[in-house]
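Asker:
Numbering (this note's numbering), first residue to last: 2 to 222.
Here is the structure:
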């Protein structure tokens with residue numbers, strides 16, 4: 002595991018982090034941030050294959066309930082897949098304070114900031130990530146064919162103005178693992194990854210891009 006000494010702390014965990022451990026760590030850290038006894042944290046992990054249900058998840062959207070373990074995440078949103086080759090970023094910030102372009106006590110501004118973070122990260126790999134009105138996540142459009150696919154997901158929870166959960170960027174996961182759910186309740190569009198787009202980026206390269214993009218969005222005036 003690597004960790005910096007800045008604020009927020011930037012932590013990258015090696016190997017696969019069990020989802021129960023991630024939830025426990027986030028709960029503990031959120032309480033400590035609220036109490037003023039621990040600094041903010043941005044935590045990068047990979048998980049073993051699993052499905053998580055947000056507070057709006059519909060049971061019928063879990064199409065293969067016995068394929069992988071399932072968890073109630075407690076975040077907003079619907080069904081999401083996590084697994085190897087996907088970089089999951091858990092963001093624990095005191096949103097009562099401003100963070101770069103993110104306004105204080107403004108959840109919409111925070112979500113916009115997370116989207117912008119992902120879009121600027123993808124831009125470093127010459128991938129145009131886009132928002133879609135009424136659809137959560139970051140999308141990649143193939144305009145000649147009229148199709149588009151999701152490359153990154155967002156799911157957040159805010160407890161007394163401290164954020165947790167965060168984002169998931171598909172670097173090189175097994176995309177067939179998404180077949181067990183209707184991701185985020187959207188069946189009309191599929192999912193993609195950097196690898197599927199022909200970009201053979203390493204996880205270290207993606208982490209470096211995420212760190213640089215973070216500074217542009219969440220740091221500074």
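Just so it is clear, CB atoms sit at the ideal spot from N, CA and C, and this is done for glycine as well.
1. Determine, using beta carbons only, whether residue 172 and residue 198 come nearer to each other than 7 Å.
2. May I ask you to report which of helix, strand or coil DSSP gives residue 206?
3. Under DSSP, the alpha helix (DSSP H) around residue 122 begins and ends at which residues?
4. How would you call residue 98, buried or exposed, if buried means at least 16 neighbouring beta carbons within 10 angstroms?
5. Is the stretch 67 to 83 in contact with the stretch 154 to 161, if contact means three or more CB pairs nearer than 8 Å?
6. When the Cα of residue 58 is compared with those of 184, 205 and 220, which residue comes out closest?
7. Between which two residues does the alpha helix (DSSP H) holding residue 34 run?
8. Please tell me whether residue 2 and residue 91 are closer than 7 Å, where the distance is taken between their beta carbons.
9. I need the boundaries of the beta strand (DSSP E) containing residue 151, first residue and last residue.
10. With distance defined between alpha-carbon atoms, name the residue in 134, 163, 151 and 102 nearest to residue 215.
Answerer: Quick answer:
1. no
2. helix
3. 108 to 124
4. exposed
5. yes
6. 184
7. 20 to 36
8. no
9. 148 to 160
10. 102
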